[in-house]
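The structure appears below as structure tokens.
Numbering (my numbering), first residue to last: 3 to 333.
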């Protein structure tokens, strides 16, 4: 009983940090949502652009650049990464997945060129960071915890509001049309290459922004901080979409999809915490990430299969009853 209480206490103490981390990664998940769900483009650039945004922000802040400006430049750095992938795909004709892998690979070298070493530390004691994990650990004042979670939530809210406006514009609708049916969009006069470029730039800009905030939150940027980021982003998107469709059904609109994508990231980190508390080694977190993505990816397919099987069973029952009724009528 005492062990259980200790684990519950540990979970409660870690919950604000998990929520904050989920919100920060939720920004990345929104970027993944834009390419994966809206554009229908499998972009693997995010594993590199997350670290790029983190190191750019850290290097700029430690060299005296104001934090807000450093975050904005990190966003632009992510945009440049997305632009590289877009050029590989639309101009050079390289398939989307390979284009993302090429950019991702190049970004590891660019990270080292920017920082000169694999790790770039930054301390909230020396610099006025917008967010830090130090304020959401056990023993901190409740006001500091609320403020830290609130900062992450504010970033998310502003991003969702801006994206909701943008994708409601004529150009935003053309991007959505490109993802739905590229051939039809071309026939309607939409420049699908341009919409692909803009979408990849915007998506990776958000990933770079997420990296800048994450680096401040954890107190460092690392060349490997983005490794497996696409898996976490996909997990957040899939979890959010499955839950949203169950709750809202046909009323699951665009802004709800963005919000549930972020919620999916928060749920992912909370579930990850629970799994670690029950005894899963932290060395297996990547395995768990892959499994949770596989499970939630399978849910829509299994639901559709179940529905088809149910309909078939209903038809067979109706046919059987009809035959039985006909037999009785003959008698």
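Where a beta carbon is used, it is the ideal one built from N, C-alpha and C, also for glycine.
Pick helix, strand or coil for residue i, following the three-state DSSP scheme.
i	result
residue 254	coil
residue 91	helix
residue 120	coil
residue 285	helix
residue 229	coil
residue 49	helix
residue 259	helix
residue 146	helix
residue 197	helix
residue 269	helix
residue 67	coil
residue 132	coil
residue 79	helix
residue 42	coil
residue 97	coil
residue 139	coil
residue 247	helix
residue 191	coil
residue 170	coil
residue 127	coil
residue 280	coil
residue 206	helix
residue 8	helix
residue 15	helix
Just mark residue i as buried or exposed, buried being the case when its beta carbon has 16 or more other beta carbons within 10 Å.
i	result
residue 281	exposed
residue 32	buried
residue 111	exposed
residue 307	exposed
residue 183	exposed
residue 77	buried
residue 158	buried
residue 27	buried
residue 164	exposed
residue 255	exposed
residue 170	exposed
residue 303	exposed
residue 175	exposed
residue 61	buried
residue 144	exposed
residue 6	exposed
residue 41	buried
residue 151	buried
residue 173	exposed
residue 168	exposed
residue 45	buried
residue 215	buried
residue 63	buried
residue 235	buried
Pick out whichever of the options has its Cα sitting closest to the Cα of residue i.
i	options	result
residue 30	263, 170 and 121	263
residue 204	51, 7 and 251	51
residue 49	153, 210 and 193	210
residue 69	131, 27 and 139	131
residue 101	88, 162 and 196	88
residue 139	74, 232 and 20	20
residue 93	109, 195, 117 and 177	195
residue 353	136, 105 and 265	Nothing about residue 353 can be reported from this structure: the residues present for the chain run from 3 to 333 only.
residue 271	291, 178 and 179	291
residue 226	74, 120 and 75	120
residue 8	276, 257 and 39	276
residue 146	181, 18, 178 and 177	18
residue 12	279, 294, 297 and 295	279
residue 178	14, 39, 15 and 25	39
residue 118	84, 127 and 57	57
residue 200	85, 65 and 15	85
residue 413	259, 247, 221 and 288	Examination of residue 413 is not possible in this model, given that the chain is present from 3 through 333 alone.
residue 116	79, 257, 268 and 128	79
How many whole angstroms separate the CB atoms of residue i and residue j, which I take to be in contact at a CB cut-off of 8 Å?
i	j	result
residue 43	residue 239	Not a contact, Cβ separation roughly 13 Å.
residue 162	residue 208	Actually they are not in contact, since the Cβ atoms of residue 162 and residue 208 sit about 11 Å apart, beyond 8 Å.
residue 202	residue 37	7 Å
residue 53	residue 285	No, residue 53 and residue 285 are not in contact; Cβ-Cβ is about 21 Å, not under 8 Å.
residue 213	residue 55	3 Å
residue 134	residue 218	7 Å
residue 90	residue 99	The pair is not a contact, with the Cβ atoms about 11 Å apart (cut-off 8 Å).
residue 81	residue 206	6 Å
residue 266	residue 241	4 Å
residue 198	residue 187	Contact flag wrong, Cβ pair sits at about 10 Å.
residue 244	residue 301	5 Å
Chain B beta carbons: is any one of them nearer than 9 Å to that of residue i?
i	result
residue 173	Of the protein chains in the structure, only one exists, and it is not chain B.
Per DSSP, residue i forms a beta bridge with which residues?
i	result
residue 223	122
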